[in-house]
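A.B. asks:
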Amino acid sequence: MPFKMETKESLLSYTLLEPSTGCRIWQRGKATSGHGMVSHDGSQVYTHRLMFYFEHGYFPVLPMQVLHRCNDASCIEPSHLYEGSKEQNIQDACAAGHRNTITPDGVMNPDKVRAIRKRRAEGATCDQIGKEFGISSSNASAISRRHTWRNVD
Ligand SMILES: [Zn+2]
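Here our numbering is used: the first residue of the sequence shown is 1073, the next is one more, and so on.
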C-alpha cells in the first residue's frame, strides 16, 4: 500500500478561504507554531512548504525558508508564500509596523497577544501559554502583564 501523495488540489481542499485577506487557512493538523502539517510520501511535512514545492518544484534550503506575506502561519495560499531568510521575515514584520512584536521566540501579532491575554485570564499558566503559542513562559508572562505590547487593548 503506497503512502498517500498529496497534490496541490488536495491541500487546497483542506483549507477555508478567508475572503477579506485571500488567505487559505489550513483546517487539519497543525504544529504548535501554527503551520499546517500533513503526511506526504511517508513523512511529515509542513503544508506551506509542500505548497511552495508544488508551485516551484523545489524546497528552499536553510537559511532560506518558505515565508508568509500575510504573516499567517496556517495560510497556504500559493501567492502568499515566498522564499526568504528569517531575517527578511523579521524585517518585513517591522516594516508592517509590528516593531516591538519581534522577540527571539518568533513573530507575535496583536491577535496572538489578545489570545494570550485571554488564555491567561482563563487561568492558563505562562508555561501552558508558552507551549501553545510557541514562545517562552517569560515572554508569555510579559505579554499577559502588559510589559510588552501595551498598545494592544
Ligand atoms: Zn495568506
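Cβ atoms here follow ideal geometry from the backbone N, Cα and C, with glycine treated the same way.
Taking the Cβ atom as the reference point for each residue, do H1140 and H1112 lie within a distance shorter than 8 Å?
C.D. replies: Against a cut-off of 8 Å, the Cβ pair of H1112 and H1140 comes out as no contact.
A.B. asks: Verify the contact flag: C1198, CB atom, against every heavy atom of ligand 1, threshold strictly below 7 Å.
C.D. replies: No.
A.B. asks: Residues around ligand 1, please: the condition is that the C-beta lies closer than 7 Å to some non-hydrogen atom of it.
C.D. replies: My final list is T1093, G1094, C1095, R1096, H1140, R1141, C1142, D1144, C1147, E1149 and H1152.
A.B. asks: Just reading off the beta strand (DSSP E) that H1140 is part of, what are its end residues?
C.D. replies: Segment M1136 to H1140, the beta strand (DSSP E) holding H1140.
A.B. asks: By the DSSP assignment, the beta strand (DSSP E) with T1087 in it spans what residues?
C.D. replies: Element bounds for T1087: T1087 to E1090.
A.B. asks: According to DSSP, simplified to helix, strand and coil, what is I1148?
C.D. replies: It is coil, neither helix nor strand.
A.B. asks: Quick one: grab the DSSP three-state call for S1209.
C.D. replies: Reduced to three states, the DSSP call for S1209 is helix.
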